[in-house]
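Numbering (our numbering), first residue to last: 285 to 707. Note that CB positions come from ideal geometry on N, CA and C, so glycine has one too. Source: prediction; values computed, not measured.
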């Protein structure tokens, strides 16, 4: 077993946040050969793990979380990674110290901010009623499970990733669901109206009542929520409600630290903040990407990889974090995969069939490919190197200008096209 220095008590590689990103950073430090003190500070009660099952398999009771742990609980002790159950309340960058809510102070050589985000709360009448839930933690998930009995009726607020996945899981659990959202279809804000329409049809066929282009303005009830009231005056009866209104980056502990914040912690291509020896990664980091420009990403793949990249930067690496972002979502029997990043596009090209729900969709701006979505097609772009979406990652990375007709043409091999353009 490797030997780690425990005598060095005054300074450390300090990681704020003991979630997916922080856990991966700690692992990467050890894998890269760092042998001195590593301290992982966070108020999460579980060891670091990935959250995707909370809206899917774990919520439905299909699987536990064992396959989603960054490392087992024993790994941290065996590898000399100290886990401190506390929350950082302040950072003194000039003294290289952080203050904890326990009253303790920790000194650091390098500091990684991996605090992630917290659920955006709706400041609405009745939002504090029993039976109104957000979903971010294991405790949140298990609370929803207790209310989600067959025959109950739920209102789901928002049909982004969390809302759409929760709506699908609740239907599979025998719960009736009404979903209220501001767009034209599920995930339409991210994937566009065409894909949103396909997903709307999928949810309707599975029994979800969709209330589009509307929003909840109040919850009503006596001892617990009984109705959700919308802008248009609808009064939707429910036994419980799940709110998926997105997250806000957790940056409150950075106040007066001098660390630049704007929709998260501003970092450069090496995950460095505006203050020396302080880094940030994961949901909380607004990073400068060499392909996509400045953006903040809230997906599992980014938390995993950027946490590791930040650890390498803390050890002196100058390699930019240039991962081509990707995410996935499972809803009923349908698999959604996405690579790239497109805030806007002027053309959407389809290969395959929207009607048959098996297609690739290409998002182009000025003729350049910005992102690709796959529904029941394309394969996992992270592990399936023979899949179409794996080839699309290279096309997005290279900012390829591709004729729309070639993208739509099934006879045009995307893997060959990516190799040709790369050459």
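* Shortest alpha-carbon distance to residue 562 belongs to which of 397, 463 and 466? -> 397
* Please list, in chain order, all residues of the same chain as residue 447 whose beta carbon is under 6 angstroms from its beta carbon, the five residues on each side excluded. => 440 and 528
* Cα separation between residue 735 and residue 610? -> The structure shown has nothing for residue 735, since the chain only spans 285 to 707.
* **Simplified DSSP state of residue 402, which is helix, strand or coil** => strand
* **CA-to-CA distance, residue 500 to residue 523, given in whole angstroms** => 15 angstroms
* Asked: With 16 as the cutoff for other CB atoms within 10 Å, does residue 541 come out buried or exposed?
  -> buried
* List the endpoints of the continuous alpha helix (DSSP H) containing residue 298. => From DSSP, residue 298 is part of no alpha helix (DSSP H) but of the beta strand (DSSP E) over 297 to 300.
* To do: Pull up the CB-CB distance for residue 302 and residue 324, whole angstroms please, since I reckon it's below 8 angstroms.
  => 5 angstroms
* Taking one C-beta from the segment 554 to 572 and one from the segment 473 to 488 each time, how about it: are there three or more such pairs within less than 8 angstroms? -> no
* Asked: Is residue 491 helix, strand or coil when you go by DSSP?
  -> coil
* What three-state label does DSSP hand residue 516 in the structure shown? -> coil
* Where the beta strand (DSSP E) through residue 442 begins and ends -> First-last for residue 442: undefined, no H or E at that position.
* To do: Identify the continuous beta strand (DSSP E) that holds residue 367 and give its terminal residues.
  => 365 to 369
* To do: Determine the DSSP secondary structure at residue 336, reduced to helix, strand or coil.
  => helix
* With respect to the beta strand (DSSP E) encompassing residue 554, which residues constitute its N-terminal and C-terminal limits? -> Segment: none, residue 554 is in no beta strand (DSSP E) and carries neither H nor E.
* In terms of alpha-carbon separation, which member of 672, 549 and 344 lies closest to residue 662? -> 672
* Give the single residue among 687, 666, 399 and 685 whose Cα lies nearest to the Cα of residue 677. => 666
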